[in-house]
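Novice: 185 is the number of the first residue of the sequence shown in the working numbering; add one for each residue after it.
Where is the CB? At the ideal position from N, CA and C, for every residue including glycine.
Quick one: this structure, given as structure tokens, is what I'll be asking you about.
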Amino acid sequence: MENQRFLPASNSELSLEDLPLYDDTFDPNDPRYRCCCNHSHSTTGVRVIAGMLSLTVCLELWHLCLTLYWLPVDGSGGSVLTAVFQLLVGVAIAGSVIYALWKEQAAFLIPYLVLQTVGLAAGAVFLVTFIYISLFGDGDMVVTFIEAQEHHMVDDPPPSKGSIDFTNWMLVGSFTVILAVQIWLISIVFACWRYFRDKRAFGCPNGYMSYVVIRPPFDAAMRSGNIPSSISADMVTFAFRSYDRRFKRQAARSLSSSIVE
Numbered sequence: 185m186e187n188q189r190f191l192p193a194s195n196s197e198l199s200l201e202d203l204p205l206y207d208d209t210f211d212p213n214d215p216r217y218r219c220c221c222n223h224s225h226s227t228t229g230v231r232v233i234a235g236m237l238s239l240t241v242c243l244e245l246w247h248l249c250l251t252l253y254w255l256p257v258d259g260s261g262g263s264v265l266t267a268v269f270q271l272l273v274g275v276a277i278a279g280s281v282i283y284a285l286w287k288e289q290a291a292f293l294i295p296y297l298v299l300q301t302v303g304l305a306a307g308a309v310f311l312v313t314f315i316y317i318s319l320f321g322d323g324d325m326v327v328t329f330i331e332a333q334e335h336h337m338v339d340d341p342p343p344s345k346g347s348i349d350f351t352n353w354m355l356v357g358s359f360t361v362i363l364a365v366q367i368w369l370i371s372i373v374f375a376c377w378r379y380f381r382d383k384r385a386f387g388c389p390n391g392y393m394s395y396v397v398i399r400p401p402f403d404a405a406m407r408s409g410n411i412p413s414s415i416s417a418d419m420v421t422f423a424f425r426s427y428d429r430r431f432k433r434q435a436a437r438s439l440s441s442s443i444v445e
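Structure representation (structure tokens):
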């Protein structure tokens, strides 16, 4: 008896913090497994992402075909290797996500999460760099960066100070939007990863329990005091007896009145 834990005697029910201690069922519609402000399931979001990845693979394949077509003219083999590498990475990531959805394997979502996390870190570095340059640095560094990406700015007339500042802050805004989208996509895929992981841990092949174990949320023997909402069996019996007596009196009165008539 010394190891038993007594619940406090009160008329209130258990708090919401106590419910997870007694919840042994798997809820596929838990808010942790949903996305888009709880309007859609994470698996639906990952299906959309898989479609976007498949479209990206098609575009990369088209880019590789164009690169091979213009190879005799340009003569740049490095661009071909870059296009092939991008295509292989895209196929691997898209294939892993599609296979994860097909087999409901959480591990095959990890490559996409790793790639997005690396891109998020790189984007954060660029964002901080451009913010620093826009506030304290020289705008010519941003112009040099843009021209290094084979996007040449107009040299005649040379860009003014105002246009350079505008370009700097446009890059800051662009990287901010890109980082926000990456964080959103990572949250969707992570919710789906957690859904597949918990689903397999609970042993639910279809996501739903084939039976429900009903048990009291607390040990009734350990709780002292009376439950105000309970009703005694004697009170129920007394109520039925009173109703039975009234019914017999009414029936006797009706019978006697019919005999007198």
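(1) Residues bridged to S238 by DSSP?
(2) Could you pull the start and end residues of the alpha helix (DSSP H) that Q289 belongs to?
(3) DSSP three-state label for H247, please.
(4) If we ignore side chains and look at the alpha-carbon of each, how far apart do G387 and Q300 end up?
(5) Is there contact between the region 237 to 244 and the region 263 to 282, where contact requires at least three CB pairs shorter than 8 Å?
(6) Please state whether DSSP places C221 in a helix, a strand or coil.
(7) Taking the straight line between their C-alpha atoms, what separation do you get for F350 and L311?
(8) Taking the alpha-carbon of I367 as reference, which of L355, V302, T313, R381 has the nearest alpha-carbon?
(9) Can you name, in chain order, every residue of its own chain whose Cβ lies under 7 Å from the Cβ of T360, other than the five neighbours on each side?
(10) With DSSP as the reference, label T266 as helix, strand or coil.
(11) Please tell me whether I372 and I233 are closer than 8 Å, where the distance is taken between their beta carbons.
(12) From which residue to which residue does the alpha helix (DSSP H) around F210 run?
(13) Output the boundary residues of the alpha helix (DSSP H) element that contains G307.
(14) For D207, count the other beta carbons within 10 Å of its own beta carbon; 16 or more makes it buried, fewer makes it exposed. Which is it?
(15) Is G387 helix, strand or coil when you go by DSSP?
(16) Determine whether the beta carbon atoms of L252 and V264 lie at a separation below 8 Å.
(17) Tell me whether W134 sits in a helix, a strand or coil according to DSSP, three-state version.
(18) Considering only C-alpha positions, which residue in the set M236, A267, G235 is nearest to L250?
Specialist: On the basis of the supplied data:
(1) Counting from one through the sequence shown, the residue named residue 238 turns up at place 54. Answer by DSSP bridge pairing: none, since S238 is not bridged.
(2) Here residue 289 refers to the residue found at position 105 when the sequence shown is read from its first residue. Per DSSP, Q289 lies in no alpha helix (DSSP H) and is assigned neither H nor E.
(3) For the purposes of this step, residue 247 is taken as residue 63 along the sequence shown, with counting starting at 1. Three-state DSSP puts H247 in a helix.
(4) Working through the sequence shown from its first residue, we reach residue 387 at position 203. Working through the sequence shown from its first residue, we reach residue 300 at position 116. G387 and Q300: Cα-Cα distance of roughly 29 Å.
(5) yes
(6) Looking up residue 221 in the sequence shown gives position 37. Three-state DSSP puts C221 in coil, outside helix and strand.
(7) Taking the sequence shown and counting its residues from 1, the one referred to as residue 350 is at position 166. Taking the sequence shown and counting its residues from 1, the one referred to as residue 311 is at position 127. Spanning the two alpha carbons is a distance of roughly 15 Å.
(8) As a first step, residue 367 is located in the sequence shown; it is residue number 183 there, counting from the start. Closest by alpha carbon: V302.
(9) Position 176 of the sequence shown, counted from the first residue, corresponds to residue 360. Here the set comprises L311.
(10) Here residue 266 corresponds to residue number 82 of the sequence shown, with the count starting at 1. Three-state result, T266: helix.
(11) As a working mapping, residue 372 is identified with position 188 in the sequence shown. As a working mapping, residue 233 is identified with position 49 in the sequence shown. Yes, these two residues count as a Cβ contact at 8 Å.
(12) Counting from one through the sequence shown, the residue named residue 210 turns up at place 26. No alpha helix (DSSP H) holds F210; DSSP gives it neither H nor E.
(13) In the sequence shown, counting from the first residue as 1, residue 307 sits at position 123. Here the alpha helix (DSSP H) through G307 covers 294 to 320.
(14) Taking the sequence shown and counting its residues from 1, the one referred to as residue 207 is at position 23. Confidence in D207 is poor, its pLDDT being 49 and thus under 50, which makes the residue's placement unreliable; the coordinate value appears in the next sentence. The residue in question, D207, is exposed, as its Cβ has fewer than 16 Cβ neighbours within 10 Å.
(15) Here residue 387 refers to the residue found at position 203 when the sequence shown is read from its first residue. Correct three-state label for G387: coil.
(16) For the purposes of this step, residue 252 is taken as the residue at position 68 of the sequence shown. For the purposes of this step, residue 264 is taken as the residue at position 80 of the sequence shown. Yes. Within cutoff.
(17) Limits of the chain in this structure are 185 at one end and 445 at the other, which puts residue 134 out of reach.
(18) Within the sequence shown, numbered from 1, the residue matching residue 250 stands at position 66. Of M236, A267, G235, the residue nearest in Cα terms is A267.
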